[in-house]
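**Student:**
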Amino acid sequence: MTRSLVASFTARAAAQPGAPALVWEDRPVSYGDLYAMAVRARTQVEEAAPDADRPVGLLVRKSPEAVALVLGCLMAGRSFLLPSHELPEAPLKALFQQTGCAVVLGLADAPPVDRVVDPAVAMGCEEYPPAAAVDDEAVTFMLTTSGSTGLPKVVPLSSGAVGRFTEWAADTFGIATGVAVLNYAPLNFDLCMLDVWTTLAYGGTVVLVDPDRGASAGYLRDLVADHAVSVVQGVPMLFQLLAEATAESGPLDTPEHVIFAGDSMPARVLAGVSTTFSKARWYNNYGCTETNNSFLHEVDQDRPLRTPLPIGRPLAGVRWLIIGQDGRSLTGPGQGELLVNTPFQSAGYVNAPNAKTFAPHPDGAPGLVYYRTGDVVTLHEDGALSVIGRTDYLVKVRGFQVSTQSVEQILLDHPAVAEAAVIALPDPVAGHRLHARLRLTDVGSVNSLSLRLHCSERTVRAAIPSVIEMVTDPLPRTSTGKVDRNRIKACVLAAEEERARMPRP
Amino acid sequence: MTTESGIEPEELIRISEDQIARFVVERFLSDVEWTELDPDYDLLTTGVIDSLGVLQIASWLAKQHGITLTGPELTAGNFRSVRTIRATAERPQAGGAA
Chain A
1 MTRSLVASFT
11 ARAAAQPGAP
21 ALVWEDRPVS
31 YGDLYAMAVR
41 ARTQVEEAAP
51 DADRPVGLLV
61 RKSPEAVALV
71 LGCLMAGRSF
81 LLPSHELPEA
91 PLKALFQQTG
101 CAVVLGLADA
111 PPVDRVVDPA
121 VAMGCEEYPP
131 AAAVDDEAVT
141 FMLTTSGSTG
151 LPKVVPLSSG
161 AVGRFTEWAA
171 DTFGIATGVA
181 VLNYAPLNFD
191 LCMLDVWTTL
201 AYGGTVVLVD
211 PDRGASAGYL
221 RDLVADHAVS
231 VVQGVPMLFQ
241 LLAEATAESG
251 PLDTPEHVIF
261 AGDSMPARVL
271 AGVSTTFSKA
281 RWYNNYGCTE
291 TNNSFLHEVD
301 QDRPLRTPLP
311 IGRPLAGVRW
321 LIIGQDGRSL
331 TGPGQGELLV
341 NTPFQSAGYV
351 NAPNAKTFAP
361 HPDGAPGLVY
371 YRTGDVVTLH
381 EDGALSVIGR
391 TDYLVKVRGF
401 QVSTQSVEQI
411 LLDHPAVAEA
421 AVIALPDPVA
431 GHRLHARLRL
441 TDVGSVNSLS
451 LRLHCSERTV
461 RAAIPSVIEM
471 VTDPLPRTST
481 GKVDRNRIKA
491 CVLAAEEERA
501 RMPRP
Chain B
1 MTTESGIEPE
11 ELIRISEDQI
21 ARFVVERFLS
31 DVEWTELDPD
41 YDLLTTGVID
51 SLGVLQIASW
61 LAKQHGITLT
71 GPELTAGNFR
81 SVRTIRATAE
91 RPQAGGAA
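Chains A and B, in that order, are what the protein sequence lines are.
Note that UniProt numbering has the first sequence beginning at 1, numbered continuously upward.
Note that UniProt numbering has the second sequence beginning at 1, numbered continuously upward.
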């Protein structure tokens, strides 16, 4: 049986009670104190949710108490749903209900919290019973997908899957006693499996970023420098902010491993990383909530940097296939959708159909369940993989398969382009035609002729937009901060209809 | 001034690069001034025109300038740039100068 996350944490707390487990608002919380809080949280969870067979809902903001509450659920052997506290009440209620949560616990009274708990309050005579034993297959964490459309999907992770992942992460990034790891993501993100939960299982110190100050470059730099952070994992935005902050103060000396995660690293952000850290190794981490990490690429900093960064090689125990347009597995270099099976994989969504997403494949290992990533990848001659974009963004233009996302990326690589959206419009002749809407860093600094030349040097003709439109207002964004392509498409189609109604001179 | 054959140059050169550039920009490149379009700019590899664009230019040459191109001349390569378009339109087969 894989050693569970909470068993590892408990062992660390016994071995090094005085060592810092967390840093929050510049104050350390020791392993002993965090363990005591987790034990109280466990009692509170068992009291509020006596039925051990039903999951518990958690609605928490990041804090040491929130970390303790998660550990308390693990100690009680409960499965728990940990959604984003920023979701509106209606979808939150729906998620807790679909997951069958007996009760929703929170640290503050905000709907739909049923019961407010406080692991920080000591309760008279304290007992320290051993954590409840759970099977490898028992579900512990239930995380949600980001859900750019509709209700987020609930992804249950087994105790074994989490234990195996933390073992891999600790081994790969040297996470151990005395090692400080920055946690930038909110507590409900899958990235926390590495920066929060692996660190606590292996005796390191989690330096928690306050999400309210997550956009402050100076604050982030000071956290890394003041607490001698050694491992930094985050989305491109974190690295962009750290690059800004270190441009004047000089590079950060303590980080040894920096891990790019969550999104593809844009060329201009990557360029800034060179001067942000004096000695760190760089990794491009590929994974998702459903399977956790499946591929890892260490960037060779002595060679010219090219984006998109490859996703590199599969981790030990990972099985994978690339499925081409004919539905069969590629046997050589080419392009297709990536299917993976990892030792850290979820058994399937709680609240969504799984038949298409989690399934064996005729060209795969018999009986092995593969997760369809929805990512289109290129398998290069040398065996390396890089991600082209989402299958959702693949369209046919004059018979060529084109990813509108990769066209956006090419346009964004032009120094004059600040924002880009490429949408595919139906076309009776070409199948689709591409329409690009751009905002430039400086109005009039470049025209569509130069942008077309830029594209023609980097991609096939079918992928060059038939219309390149420049606007001066920022592009519309969705609530999750992504460019709202649907809105732009509706707007372009409406304008075209309007033009079609006007008589031609 | 007249040429030795006595034909006015305007008649011989029936269409100028400027005229072609103006049309291409007006129809396909709304954000650009016609003077910005270099006569040698490759309109094909940069996706400004495709086979449909070729037909639109051919139709314009026929309607506005009386230059009728025959099937074999309607290849994309003959419309690669403003300069190529003009050369194509000037060819005797185009029913032009003769």
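Backbone N, C-alpha and C fix where the C-beta goes; we use that ideal spot for every residue, glycine too.
A quick note: this is a predicted structure, and the numbers were derived from the prediction, not measured.
Touching or not, the segment 384-394 of chain A and the segment 339-346 of chain A, by the rule of three or more beta carbon pairs under 8 Å?
**Tutor:** The answer is no - the segment 339-346 of chain A does not touch the segment 384-394 of chain A, with fewer than three Cβ pairs under 8 Å.
**Student:** Any idea if His435(A) is buried or exposed, counting beta-carbon neighbours within 10 angstroms, 16 or more meaning buried?
**Tutor:** Label assigned to His435(A): buried.
**Student:** Rounded to whole angstroms, what's the CA-CA distance from Glu65(A) to Glu248(A)? Just pull it up for me.
**Tutor:** In a straight line, the C-alpha of Glu65(A) is about 36 Å away from that of Glu248(A).
**Student:** Spatial neighbours of Asn351(A) within its chain, please: CB distance less than 6 Å, with the 5 preceding and 5 following residues excluded, ordered by chain position.
**Tutor:** Same-chain partners within the cutoff: Gln98, Val154.
**Student:** Tell me the rounded alpha-carbon separation between Leu44(B) and Gln240(A).
**Tutor:** The straight-line gap from Cα to Cα measures roughly 37 Å.
**Student:** Starting from the C-beta of His227(A), find all residues in its chain whose C-beta is less than 6 Å away, skip the five residues before and the five after it, and write them out in chain order.
**Tutor:** Val23, Ala180, Val207.
**Student:** Do you know offhand how far Ile488(A)'s Cα is from Ala494(A)'s?
**Tutor:** Their Cα atoms are separated by approximately 10 Å.
**Student:** Counting only C-beta atoms, is Pro465(A) closer than 9 Å to chain B at any point?
**Tutor:** Closer than 9 Å to some Cβ of chain B, the Cβ of Pro465(A) qualifies, so yes.
**Student:** Any beta carbon from chain A within less than 9 Å of Leu44(B)'s own beta carbon?
**Tutor:** It does; some Cβ of chain A falls within 9 Å.
**Student:** Given Gly6(B), which residues of its chain have a CB within under 6 Å of its CB, disregarding the five upstream and five downstream residues?
**Tutor:** Residue confidence is low: Gly6(B) scores 47 on pLDDT, short of 50, so the model does not pin down where it sits. No coordinate-derived value is stated.
**Student:** List, in chain order, every chain A residue whose beta-carbon is nearer than 8 Å to that of Val32(B).
**Tutor:** Residues of chain A passing the Cβ test: Asn447, Ser448, Leu449.
**Student:** Give a yes or no on whether 9 Å exceeds the smallest Cβ distance from Val299(A) to chain B.
**Tutor:** Cβ-Cβ to chain B under 9 Å: no for Val299(A).
**Student:** DSSP puts Trp320(A) in a beta bridge; with which residues?
**Tutor:** Answer is Val340(A).
**Student:** Just list the residues that DSSP pairs Asp427(A) with in beta bridges.
**Tutor:** For Asp427(A), which the question treats as bridged, DSSP gives the partners Gly431(A).
**Student:** Apart from the five residues on each side of it in sequence, which residues of its chain come closer than 7 Å, Cβ to Cβ, to Leu194(A)?
**Tutor:** Once the five neighbours on either side are set aside, the close Cβ partners of Leu194(A) are Ala169, Gln233.
**Student:** Which runs of the alpha helix (DSSP H), 4 residues or longer, sit entirely within the segment 164-217 of chain A?
**Tutor:** List check, alpha helix (DSSP H) in window: nothing returned.
**Student:** Which of the three DSSP states, helix, strand or coil, is assigned to Gly160(A)?
**Tutor:** Gly160(A) falls in the helix class under three-state DSSP.
**Student:** DSSP has Leu394(A) in a bridge; who is on the other side?
**Tutor:** Answer is Ser403(A), bridged to Leu394(A).
**Student:** Can you tell me whether Tyr128(A) is buried or exposed? The criterion is at least 16 other CB atoms within 10 Å of its CB, across all chains shown.
**Tutor:** Tyr128(A) should be labelled exposed.
**Student:** When you compare only the Cα positions, how much space is there between Thr116(A) and Arg54(A)?
**Tutor:** Correcting the residue identity first, residue 116(A) is Val in this sequence and not Thr. Those two C-alpha atoms are separated by around 19 Å.
**Student:** Put Ala245(A) into one of helix, strand or coil per three-state DSSP.
**Tutor:** In the structure shown, Ala245(A) sits in a helix (DSSP, three-state: H, G or I).
**Student:** Nearest chain A C-beta to Met1(B) closer than 9 Å, yes or no?
**Tutor:** Confidence in Met1(B) is poor, its pLDDT being 46 and thus under 50, which makes the residue's placement too unreliable to answer from.
**Student:** Taking 9 Å as the CB-CB limit, is Asp50(B) close to chain A?
**Tutor:** With 9 Å as the cut-off, Asp50(B) counts as an interface residue toward chain A.
**Student:** Would you list, in sequence order, the uninterrupted alpha helix (DSSP H) runs of no fewer than 4 residues that lie entirely inside the segment 8-74 of chain A?
**Tutor:** DSSP runs (the alpha helix (DSSP H)) wholly in the segment 8-74 of chain A: 31-48.
**Student:** Based on Cα-Cα distance, which residue from Pro314(A), Ser264(A), Val224(A), Pro266(A) lies nearest to Thr246(A)?
**Tutor:** Checking every option, the nearest Cα to that of Thr246(A) belongs to Val224(A).
**Student:** Just to confirm, is the Cβ distance from Val397(A) to Ala424(A) under 9 Å?
**Tutor:** Cβ atoms of Val397(A) and Ala424(A): closer than 9 Å.
**Student:** Within 10 angstroms of its Cβ, does Thr291(A) collect 16 or more other Cβ (buried), or is it exposed?
**Tutor:** Flag for Thr291(A) reads buried.
**Student:** When burial is assigned at 16 or more other CB atoms within 10 Å of the CB, is Leu55(B) buried or exposed?
**Tutor:** Exposed, because fewer than 16 other Cβ atoms sit within 10 Å of the Cβ of Leu55(B).
**Student:** Looking at the structure shown, is Val299(A) part of a helix, part of a strand, or coil, going by DSSP?
**Tutor:** In the structure shown, Val299(A) sits in coil (DSSP, three-state: anything other than H, G, I, E or B).
**Student:** Can you list, in chain order, the residues of its chain whose CB lies under 6 Å from that of Ser4(A), leaving out five sequence neighbours each side?
**Tutor:** Correct list, in chain order: Ser159, Gly163.
**Student:** Taking the CB atoms as reference points, tell me whether Ala87(B) and Leu74(B) lie closer together than 9 Å.
**Tutor:** No.
**Student:** Inspect the beta-carbon positions of Glu244(A) and Ala280(A) and report whether they are closer than 9 Å.
**Tutor:** Taking 9 Å as the Cβ cut-off, Glu244(A) and Ala280(A) do not qualify as a contacting pair.
**Student:** Please list, in chain order, the chain B residues whose beta carbon lies closer than 7 Å to that of Met470(A).
**Tutor:** By Cβ distance, chain B contributes Asp31.
**Student:** In whole angstroms, what separates the C-alpha of Ser230(A) from that of Thr254(A)?
**Tutor:** In a straight line, the C-alpha of Ser230(A) is about 5 Å away from that of Thr254(A).
**Student:** Put Ala495(A) into one of helix, strand or coil per three-state DSSP.
**Tutor:** Ala495(A) falls in the helix class under three-state DSSP.
**Student:** Going by DSSP, what residues sit across from His85(A) in a beta bridge?
**Tutor:** His85(A) is not bridged to any residue.
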